[in-house]
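First the structure, in the form of structure tokens, and then the observations on it.
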Amino acid sequence: MRGPGVIQVIALGLISAGIYALFALGVVLVYRGTKVLTFAGGEIGTAALYVTAFLVTDHGLSWGVGALIAVAVAAAAGALFEFALVRRSVDADPVVTSILTVALAATILAIELNHFGGSPKQLKPPVHGGVNVDGLIVSPVQIAAIVVAALLGFGLQAFLRRTDFGLAILAAADDPTATRLVGVRVSRVRMTLWAGSFALAAIAALLVEPTVGVISPGYASRLYLGGLAAAVIGGLDSLPGAVWGATVLGLVQAFVIRYLRVDVGGLDFDVTLVLLLVALLGRSLLPQLRRRLSPPREAVA
Amino acid sequence: MTAVTLPLNRTTRLRVPILPFALLAAALLPGLAARTVLLNEPHALLLGESCVFAIAGLSLNVLLGYAGQISLGQFAFVGVGAFTTGLVTGVHDLRLPWFAGLVAAAGAGALIAFLVGLPALRLRGLYLAVVTIAVAYAASESLFTVTRIGGGSAGKVIPPPYLGTRALSTAVDALAIGLVLLVLLLQMDVNLVRSRLGRAFQVLKSDESVAASFGVDVAKHKLIAFTLSGAIAGVAGCLDGITYGTVTGGTFDYTHSLALLVIVVLGGLGSRTGIVIAAFLTGIYPSLLIAVFGEGIRGWDQIINAGLLLVTVAFQPRGFAGAFREAAEHRRMRAGGESPLPPTRPNLPDLGRPAGMPVPRRTRPGTAVLEARDVSVRFGGLQAVDGAGLRVDRGTIVALMGPNGAGKTTMFNVISGALSADRGTVHFLGEDVSSRPPHQRAALGMGRTFQLIGLAKDQSVYENLLMAQHLAAPYGVLSALTTVGSRRWERELRTRADQTLDGLGFDRFRATAVGRLSHGQQRIVEIGCCLVTSPELVMLDEPSAGMSPAAAEDLAATLIDMRDKLDRTVLLIEHNVPLVLGTADELYVMDAGRVIANGEPMDVVQRPEVVRAYLGEVVA
Numbered sequence: 007m008r009g010p011g012v013i014q015v016i017a018l019g020l021i022s023a024g025i026y027a028l029f030a031l032g033v034v035l036v037y038r039g040t041k042v043l044t045f046a047g048g049e050i051g052t053a054a055l056y057v058t059a060f061l062v063t064d065h066g067l068s069w070g071v072g073a074l075i076a077v078a079v080a081a082a083a084g085a086l087f088e089f090a091l092v093r094r095s096v097d098a099d100p101v102v103t104s105i106l107t108v109a110l111a112a113t114i115l116a117i118e119l120n121h122f123g124g125s126p127k128q129l130k131p132p133v134h135g136g137v138n139v140d141g142l143i144v145s146p147v148q149i150a151a152i153v154v155a156a157l158l159g160f161g162l163q164a165f166l167r168r169t170d171f172g173l174a175i176l177a178a179a180d181d182p183t184a185t186r187l188v189g190v191r192v193s194r195v196r197m198t199l200w201a202g203s204f205a206l207a208a209i210a211a212l213l214v215e216p217t218v219g220v221i222s223p224g225y226a227s228r229l230y231l232g233g234l235a236a237a238v239i240g241g242l243d244s245l246p247g248a249v250w251g252a253t254v255l256g257l258v259q260a261f262v263i264r265y266l267r268v269d270v271g272g273l274d275f276d277v278t279l280v281l282l283l284v285a286l287l288g289r290s291l292l293p294q295l296r297r298r299l300s301p302p303r304e305a306v307a
Numbered sequence: 060m061t062a063v064t065l066p067l068n069r070t071t072r073l074r075v076p077i078l079p080f081a082l083l084a085a086a087l088l089p090g091l092a093a094r095t096v097l098l099n100e101p102h103a104l105l106l107g108e109s110c111v112f113a114i115a116g117l118s119l120n121v122l123l124g125y126a127g128q129i130s131l132g133q134f135a136f137v138g139v140g141a142f143t144t145g146l147v148t149g150v151h152d153l154r155l156p157w158f159a160g161l162v163a164a165a166g167a168g169a170l171i172a173f174l175v176g177l178p179a180l181r182l183r184g185l186y187l188a189v190v191t192i193a194v195a196y197a198a199s200e201s202l203f204t205v206t207r208i209g210g211g212s213a214g215k216v217i218p219p220p221y222l223g224t225r226a227l228s229t230a231v232d233a234l235a236i237g238l239v240l241l242v243l244l245l246q247m248d249v250n251l252v253r254s255r256l257g258r259a260f261q262v263l264k265s266d267e268s269v270a271a272s273f274g275v276d277v278a279k280h281k282l283i284a285f286t287l288s289g290a291i292a293g294v295a296g297c298l299d300g301i302t303y304g305t306v307t308g309g310t311f312d313y314t315h316s317l318a319l320l321v322i323v324v325l326g327g328l329g330s331r332t333g334i335v336i337a338a339f340l341t342g343i344y345p346s347l348l349i350a351v352f353g354e355g356i357r358g359w360d361q362i363i364n365a366g367l368l369l370v371t372v373a374f375q376p377r378g379f380a381g382a383f384r385e386a387a388e389h390r391r392m393r394a395g396g397e398s399p400l401p402p403t404r405p406n407l408p409d410l411g412r413p414a415g416m417p418v419p420r421r422t423r424p425g426t427a428v429l430e431a432r433d434v435s436v437r438f439g440g441l442q443a444v445d446g447a448g449l450r451v452d453r454g455t456i457v458a459l460m461g462p463n464g465a466g467k468t469t470m471f472n473v474i475s476g477a478l479s480a481d482r483g484t485v486h487f488l489g490e491d492v493s494s495r496p497p498h499q500r501a502a503l504g505m506g507r508t509f510q511l512i513g514l515a516k517d518q519s520v521y522e523n524l525l526m527a528q529h530l531a532a533p534y535g536v537l538s539a540l541t542t543v544g545s546r547r548w549e550r551e552l553r554t555r556a557d558q559t560l561d562g563l564g565f566d567r568f569r570a571t572a573v574g575r576l577s578h579g580q581q582r583i584v585e586i587g588c589c590l591v592t593s594p595e596l597v598m599l600d601e602p603s604a605g606m607s608p609a610a611a612e613d614l615a616a617t618l619i620d621m622r623d624k625l626d627r628t629v630l631l632i633e634h635n636v637p638l639v640l641g642t643a644d645e646l647y648v649m650d651a652g653r654v655i656a657n658g659e660p661m662d663v664v665q666r667p668e669v670v671r672a673y674l675g676e677v678v679a
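From first to last, the protein sequence lines are chains A and B.
Going left to right, the first sequence walks through residues 7 to 307 as the numbering used here numbers them.
Going left to right, the second sequence walks through residues 60 to 679 as the numbering used here numbers them.
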């Protein structure tokens, strides 16, 4: 078979997977802590790119400093979002808060469209060149994305399980009142979660962008969908699960695009949709299947 | 039995058939306005576009406002409707008349929603939101880019509908068609809300377990809501097609779905009027803004809308319509003044089994209505119920006691089907119901209440009594949307609800939202809802919790009425020892997941193992 070989397809799949995983970790982090699904990560990521472009392209800062400031701004935005809106919502229901994140995304998107809709912004990559993998030039930034995602996926898990603050996050999710009573400031825990989630979204967007170089409104949202899907495929409340979900999604996308020879655009979205539906079907049917396969009940005399 | 006087004067209202007049006005007004130069083509196009958004808003409202499920890709379904219309009516395609395109558009929207919803709606949670974003991208970036469907970069040409030989190709024509469709869909929406379907949506939005206890098949009804929503979105798409004449895939992307969310939430979830007004206002005001502030403000409307959405979701989740309603209620309460005493000693009406429900298998007195054997449930590391069993004989009151965490409510949930046990069987009226879902057990004649009140708290007492009769009016989706074939059932439902209201003494609270009643009053309404379908077995989870001693005494009398006057069988979880001793024929005591004692109540409470379970070891 001509064209890129299997190794290159795998490499492409893992590159996407790294980005999806970073977004997915931000989703899972907030979900584990508050049972809220956040839909704002994509726009937070895009906004972080605009901030970086403003600092680097327009004002000549180095890429590293610009990116660092952008991540800090994203984290601050997360904390502010929690402090100013989530905490003060009259309806503290997770579903309402989830819609609140949609509203935040819509607001940021509207501002992007209004200010930069006509003219795409340029942002130069921090480093040039890269490693040759089976004919594919993989940039160091892409490798960094994969490594950071894997480290965070398993490192954050250890952080949640092994540290006091991590346990406080888990406890606050299970029973906020009881957690408050043992002296944990639940509101501060939550603020940290939102800040962390938004920072992760910014990091994800910053690590994908150098290979594209041009930013347009809503740019990271399409990738964020991959993160949301990866989180759901991974079970939504598991950090390592999110990494595995992202890996499956990235690889299946790469293989389908490479080997399914149809002349249709946006195949990656079709794959995302189908994988999501398969994962949900599996989750709803597995318990039934397990019950059916388990040994029959003992006959009662 | 005493004759029940029906409060007819309240329910009969002078009914003027507004629908035909509204349709006529919708069809003729745009044309008349255009002739008298009140309406030019660009304005008609703007209003036509608002019509599309209003109908799409109604589609999202069915799903989000009524059934409480989120779609963030609603405009993908609008797109499906638009391109289906193109494929069915297009000159290079099937060339069928426009009406066929409309039907096909609704059908295609419904079909895709059904296929997507089937896996996504079986689980609780926000999965549908994620899936519908994926649908939004897959549709606008993939499906609609297929040249055969989307017409390529030039877009798909949608031919205008014909009236005889006249092509309805102007924006004014499209507006007239749009208004007619809008009026029809509004009427359908009214029918829906007043039907068993709309009530099932409301109660499952409020609490899925409560819905199941009323006999609502939750997964099925969520799927119906989404399918219906897809069909209405398809209609919006068809209208979009003839309004513009040419459609391109980009107009149905995620951004537009977000704009739709703004309209629905700002207008007020669940308020069709609010949503239609919001659709037209958000369509019109950007032009007004530009007229007043000049070109510099162009594009700011989206920021204003999104910002408003942010503030609304945080501080007024019910939108403008909700704010309006709250203000009205405040005024009424201030005008009211009088606060009537809460009735706590209801006179339970003996209603008999509703005509629409299967008659439960009768059992002889003294035989078991319910028998649970060897039930075990494990939650992670906690063995909540461990080989427990109980038997409830016909015509008795059986009480289940035990310290907190003994597994009583878990046992209840296994019996009602809300929870499936790891081990053990449940027999009800002689039938093994162990693998039946809760709504089927409700249909067999199992009624239950919940520790924290199983009612839709934002709905009125009367609505709750109607919701509870979900199973008693077995008409289908089409009857619900058109009221054809549903009136007879609805009349019976309302009669039963009226009789129950009368019996409970809750007549003056009929329109009061349940959440505004006191806890004790809510409990009585809940018991009324449980009895309104005359279940064979009535299961009450801590009915006296939060009641005053006097009210608890009234409750005891009510329980005895259930057994002696209504011939019901009762199983209750209770902590109130005098209440149990005063009413129960048999008592089971659970501790740490096991049944540690059962028998004659007076005897059981004195047994040392029971005393120990409640008070701990006696220290010498």
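Think of the CB as a built atom: it goes at the ideal place given N, C-alpha and C, for glycine as much as any other residue.
Chain-ordered chain A contacts of residue i [CB-CB under 8 Å]
{"i": "Ala197/B", "result": "Gly272, Phe275, Asp276, Thr278, Leu279"}
{"i": "Ser201/B", "result": "Val270, Gly271, Gly272, Leu273, Phe275, Asp276"}
{"i": "Phe374/B", "result": "Arg94, Ser95, Val96"}
Under 8 Å from the C-beta of residue i: neighbouring residues of chain B
{"i": "Thr253/A", "result": "Going along chain B, no residue has its Cβ under 8 Å from Thr253/A, so there is no contact; the nearest lies around 18 Å."}
{"i": "Leu229/A", "result": "The premise fails here: Leu229/A is roughly 11 Å from chain B at the closest Cβ pair, so nothing lies under 8 Å."}
{"i": "Arg289/A", "result": "Leu182"}
{"i": "Asn120/A", "result": "Gly358, Trp359, Gln361, Ile362"}
Separation of residue j from residue i, as counted between CA atoms
{"i": "His315/B", "j": "Leu187/A", "result": "45 Å"}
{"i": "Leu640/B", "j": "Val669/B", "result": "14 Å"}
{"i": "Ala197/B", "j": "Gln128/B", "result": "20 Å"}
{"i": "Asp269/A", "j": "Thr206/B", "result": "10 Å"}
{"i": "Ala350/B", "j": "Thr341/B", "result": "15 Å"}
{"i": "Thr628/B", "j": "Val543/B", "result": "37 Å"}
{"i": "Gly288/A", "j": "Arg547/B", "result": "42 Å"}
{"i": "Pro408/B", "j": "Glu659/B", "result": "30 Å"}
{"i": "Val323/B", "j": "Leu87/B", "result": "28 Å"}
{"i": "Phe260/B", "j": "Lys281/B", "result": "7 Å"}
{"i": "Gly39/A", "j": "Val96/B", "result": "60 Å"}
Coil, strand or helix - residue i by DSSP
{"i": "Ile114/A", "result": "helix"}
{"i": "Val12/A", "result": "helix"}
{"i": "Val137/A", "result": "strand"}
{"i": "Arg450/B", "result": "strand"}
{"i": "Asp232/B", "result": "helix"}
{"i": "Pro313/B", "result": "Sequence inspection shows Tyr at residue 313/B; the Pro mentioned does not correspond to that position. DSSP places Tyr313/B in helix when its eight states are reduced to three."}
{"i": "Tyr225/A", "result": "coil"}
{"i": "Val597/B", "result": "strand"}
{"i": "Asn364/B", "result": "helix"}
{"i": "Gln510/B", "result": "coil"}
{"i": "Ser330/B", "result": "coil"}
{"i": "Lys130/A", "result": "coil"}
{"i": "Ala307/A", "result": "Any reading at Ala307/A needs caution, since the residue's pLDDT is 33, under 50, leaving its predicted position unreliable; the model's value is listed next. Here Ala307/A sits in coil by DSSP."}
Partner residues on chain A for residue i, Cβ-Cβ distance less than 7 Å
{"i": "Phe134/B", "result": "The premise fails here: Phe134/B is roughly 13 Å from chain A at the closest Cβ pair, so nothing lies under 7 Å."}
{"i": "Ala193/B", "result": "Leu231, Ala235, Phe275, Thr278, Leu279, Leu282"}
Check whether residue i and residue j have beta carbons under 8 Å apart
{"i": "Thr107/A", "j": "Phe29/A", "result": "no"}
{"i": "Ala615/B", "j": "Leu596/B", "result": "no"}
{"i": "Ala271/B", "j": "Pro497/B", "result": "yes"}
{"i": "Arg671/B", "j": "Ala656/B", "result": "no"}
{"i": "Gly24/A", "j": "Ala207/A", "result": "no"}
Supposed contact pair residue j and residue i - C-beta distance, whole angstroms, cut 8 Å
{"i": "Phe273/B", "j": "Ala501/B", "result": "7 Å"}
{"i": "Val654/B", "j": "Ala447/B", "result": "5 Å"}
Under 7 Å by beta carbon: chain B residues contacting residue i
{"i": "Ser193/A", "result": "Near Ser193/A there are no residues of chain B at all, since even the closest Cβ is about 16 Å away, more than 7 Å."}
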